[in-house]
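In this note's numbering, the protein residues as written are 145 to 285.
What follows is a short report on a single structure.
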């Protein structure tokens, strides 16, 4: 199994970062075009990008305000066995974001592309939380 890892800092409170990675109305400011779901363990989230990419995941783990993990349930086939999550740690004026996307069956080309796209999207999350910058959906990776 392969895992994507990214670690970086956001100048913010843990609560503000946690809100941006759990609330659908905030997710749409940095990742999907549309999103729905309620942040409770076992609940389904819909991450809608286009009609072709209309994905679903359930919250597998959550410890507010420090951890959330999603298990993919409907997506591209190579994403379906995977889970992604965020672990947040306060560090002075910053939040250390430990992101992972685990349980890839192989390190395929899609795995490599996803790693790059996550890096770009996580930078969008940082800019959204720190500066309120929302990159239009069509310009996101």
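All residues carry an ideal CB built from backbone N, CA and C; glycine is no exception.
Beta carbon of residue i nearer than 7 Å to that of residue j
| i | j | result |
| --- | --- | --- |
| residue 173 | residue 278 | yes |
| residue 217 | residue 202 | yes |
| residue 209 | residue 170 | no |
| residue 273 | residue 185 | no |
| residue 243 | residue 165 | no |
| residue 146 | residue 262 | no |
| residue 265 | residue 199 | no |
| residue 228 | residue 245 | yes |
Reduced DSSP category for residue i - H, G, I as helix; E, B as strand; rest coil
| i | result |
| --- | --- |
| residue 283 | helix |
| residue 160 | helix |
Span of the beta strand (DSSP E) around residue i
| i | result |
| --- | --- |
| residue 211 | 211 to 218 |
| residue 148 | 146 to 154 |
With 16 other Cβ atoms within 10 Å as the buried cut-off, status of residue i
| i | result |
| --- | --- |
| residue 252 | exposed |
| residue 212 | buried |
| residue 235 | exposed |
| residue 269 | buried |
| residue 197 | exposed |
| residue 149 | exposed |
| residue 232 | buried |
| residue 96 | Since the displayed the chain opens at 145 and closes at 285, residue 96 lies outside it and no answer follows. |
| residue 250 | exposed |
Pick out the complete beta strand (DSSP E) segments inside the segment 230 to 269, 3 residues or longer, and give them in chain order. Complete beta strand (DSSP E) runs here, min 3: 238 to 248.
Ignoring anything shorter than 4 residues, give me the alpha helix (DSSP H) runs that lie fully in the segment 166 to 207, in order along the chain. Within the segment 166 to 207, the runs of alpha helix (DSSP H) at least 4 residues long that lie entirely inside it are, in chain order, 168 to 171.
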